[in-house]
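Quick notes on the structure that follows.
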Amino acid sequence: MWKSCCRGRHKVFFWLLLRDRLNTRNILRRKRRYLDDYHCALCSANTEETLFHLFFECSFSQWCWRFLNVRWNFNLMDMDMLIQARKDFKSKIFIEVVIIAAWAIWTHRNEVIFYGTHISLRRWKQLFRDEFSLLLHRAKPTFKLELQTWLSSFH
11 MWKSCCRGRH KVFFWLLLRD RLNTRNILRR KRRYLDDYHC ALCSANTEET LFHLFFECSF
71 SQWCWRFLNV RWNFNLMDMD MLIQARKDFK SKIFIEVVII AAWAIWTHRN EVIFYGTHIS
131 LRRWKQLFRD EFSLLLHRAK PTFKLELQTW LSSFH
């Protein structure tokens, strides 16, 4: 993760995600921050927003992962799940795709909560594409071609 060509803020965000330290609504409840609603803002499941729900169980995030062809095996534990998904993805850019996809889910979730933006897969795709495109400027030449090829196949 730390060796990826993602920006520093993306890496720190993902590090927080891996350690369940993002301020999801259930974390805010544990910190005694009172909200009107503790349910996931991105789906209609009427489920409390936990990190696992937001990034893996939520129908919105599941669509995002399927769109990117990232397959999660929920029978495995945290890092094993990540390792298996990486093997199944079959590309060197797996960690960049996952970090940027999770960042785009989190960013869109925040837009929905704080700015009243409508839930939109199109908006998520735009966030993902914009952030992923920036990697082209940061990548080593040997890695850049794979990023460009993958991005050109992105619909």
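Residue numbering for the sequence shown follows this note's numbering, beginning at 11 and increasing consecutively. For every residue, glycine included, the Cβ atom is placed at its ideal position computed from N, Cα and C.
(message) According to DSSP, Glu58 sits in a beta bridge with which residue or residues?
(response) His49
(request) Measuring alpha carbon to alpha carbon, tell me which of Leu155, Ser130, Leu145 ends up nearest Gly18. (result) The shortest C-alpha separation from Gly18 is found at Leu145.
(message) For a test of your reading of the model: does the CB of Lys135 fall under 7 Å from any non-hydrogen atom of the ligand ADP? Yes or no.
(response) The ligand ADP is not part of this structure, which contains no ligands at all.
(message) Using 8 Å as the threshold, is the C-beta distance between Phe65 and Ile103 below it?
(response) no
(request) Measure the alpha-carbon distance for Phe124 versus Ile109 and round it to whole angstroms. (result) 22 Å
(request) Put Cys74 into one of helix, strand or coil per three-state DSSP. (result) DSSP places Cys74 in helix when its eight states are reduced to three.
(request) Please go through the same chain and pick out, in chain order, the residues whose beta-carbon is closer than 8 Å to the beta-carbon of Val122, but skip the five residues on each side of it. (result) Ala51, Leu52, His128, Ile129
(message) Do Glu106 and Ser14 count as a contact pair if the criterion is CB distance below 8 Å?
(response) yes
(request) Count the other CB atoms, across all protein chains shown, that sit within 10 Å of the CB of Trp12; report buried if there are 16 or more and exposed otherwise. (result) exposed
(request) Name the residue from Glu67, Lys100, Cys74, Ile37 whose alpha carbon lies nearest to the alpha carbon of Arg133. (result) Cys74
(request) Report the three-state DSSP secondary structure of Val80 (helix, strand or coil). (result) coil
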